[in-house]
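Asks: Just dropping this structure here.
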Amino acid sequence: MELWGRMLWPLLSGPGRRGGIRGWAFSSWQPHPPLAGLSSATELVNHWTRVFEKKGVPEARESSEYIVAHVLGAKTFQSLRPALRTQHLTFQQLQYIQELSSRRLQRMPVQYILGEWDFQGLSLKMVPPVFIPRPETEELVEWVLEEVAQRSHAVGSPGSPLILEVGCGSGAISLSLLSQLPQSRVIAVDKGEAAISLTHENAQSYEDPVALDGGEEGMDVITHILALAPRLLKDCGSIFLEVDPRHPELVSSWLQSQPELYLNLVAVRKDFCGRPRFLHIQRSGP
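full-length UniProt numbering applies: residue 1 is where the sequence shown begins, and numbers increase by one.
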């Protein structure tokens, strides 16, 4: 399960990632000589797509499109005006595209290459080893917002939930919730920056490996959070988790073995790929 650094945790009195910025050294290695004869954005996208495919780089076309669009000042290649796709690029632009593409050949994620990534309408800074927010996590935010709206409607007032996020990573979840729930109070905590030692074995790894480590079954962080939850949640307070698809059953069994926690798994939601990914757990009792 890709979970530590990706989960939205206890939401106090209702539904309820910040990352340290760290410098990063990039190789100045250039895998190809200047690209003579390639002058337009479309030609560059096609060229680097072929190079990435030959080298086994995942999402070859998407990577080349994001890089070229970024150099031309756009978010996506599709958003470029047709004229910009065919006009000649400057020598500096060609050099910059080659530099960024060289980083992609070293398997650096596109988000780090661009230095930013969009999440729920926010543009977040992305620097290794800050955990990159996944698109399915946006669905978790949407669910939390739905629950806040329903609870506010039930009590007849907008309310101002107190939200605690554990393992905040980039801060994507907390920032997006705060932007859409301006009256809420959000506390985001992380386990602290972990030093990464680059060796031959992990030189392709850019995200903090601790953010992906949940123990043998991926349940370590989950059970720690749930064990602490009764001390933090008010009655009917909620916990929202993003978990591995194999975890909902494990969490349900674990909660049943811990009746003294007074926590109930009230709902499970699937992500856009149809996998059980999100859990809503609620406190009921003393």
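We treat Cβ as the ideally placed atom computed from N, Cα and C, and that holds for glycine.
Is Q98 buried or exposed, if buried means 16 or more other CB atoms sit within 10 Å of its CB?
Replies: Locating residue 98 in the sequence shown gives position 98, where the first residue counts as 1. Classification of Q98: buried, given that the 10 Å Cβ count is 16 or more.
Asks: Who are I67's beta bridge partners in DSSP?
Replies: Along the sequence shown, one-based indexing puts residue 67 at 67. According to DSSP, I67 bridges with nothing at all.
Asks: I think L122 touches L175, with their Cβ atoms under 8 Å apart; what is that distance to the nearest whole Å?
Replies: Reading the sequence shown from its first residue, position 122 is the one you call residue 122. Reading the sequence shown from its first residue, position 175 is the one you call residue 175. Contact holds; Cβ gap of about 6 Å.
Asks: Where does T90 land, buried or exposed, given buried means 16+ other C-beta within 10 angstroms?
Replies: Looking up residue 90 in the sequence shown gives position 90. It counts as exposed.
Asks: Applying the 10 Å Cβ sphere with the 16-neighbour rule, what's the burial state of V251?
Replies: Along the sequence shown, one-based indexing puts residue 251 at 251. Per the 10 Å Cβ criterion, buried.
Asks: Name the DSSP beta bridge partners of V127, please?
Replies: Reading the sequence shown from its first residue, position 127 is the one you call residue 127. Paired residue(s): none; V127 is not in a bridge.
Asks: From T49 to G169, what distance separates their C-alpha atoms?
Replies: Indexing the sequence shown from 1 puts residue 49 at position 49. Indexing the sequence shown from 1 puts residue 169 at position 169. Approximately 31 Å between the Cα atoms of the pair.
Asks: Tell me which residues share the same chain as S179 and place their Cβ nearer than 7 Å to its Cβ, disregarding the 5 neighbours each side in the sequence.
Replies: Counted from its first residue, the sequence shown places residue 179 at position 179. So the list reads L122, once near-sequence residues are dropped.
Asks: Classify residue 287 as helix, strand or coil using the three-state DSSP reduction.
Replies: Here the chain has residues from 1 to 286 only, and residue 287 is not among them.
Asks: Name the two residues that bound the continuous alpha helix (DSSP H) containing I132.
Replies: Locating residue 132 in the sequence shown gives position 132, counting from the first residue. Counting along the chain, I132 falls outside any alpha helix (DSSP H), and DSSP gives it neither H nor E.
Asks: Considering only the alpha carbon of each residue, which of K55, H47, K54 lies closest to S64?
Replies: Position 64 of the sequence shown holds residue 64. Comparing Cα-Cα distances from S64 to each of K55, H47, K54, the minimum goes to H47.
Asks: Taking the alpha-carbon of E136 as reference, which of L105, P259, H247, E242 has the nearest alpha-carbon?
Replies: Taking the first residue of the sequence shown as position 1, residue 136 is located at position 136. Looking at the Cα atoms, E242 is the closest of the given residues.
Asks: If you run the structure through DSSP and keep just helix, strand and coil, what is F272?
Replies: By 1-based counting over the sequence shown, the position of residue 272 is 272. In the structure shown, F272 sits in coil (DSSP, three-state: anything other than H, G, I, E or B).
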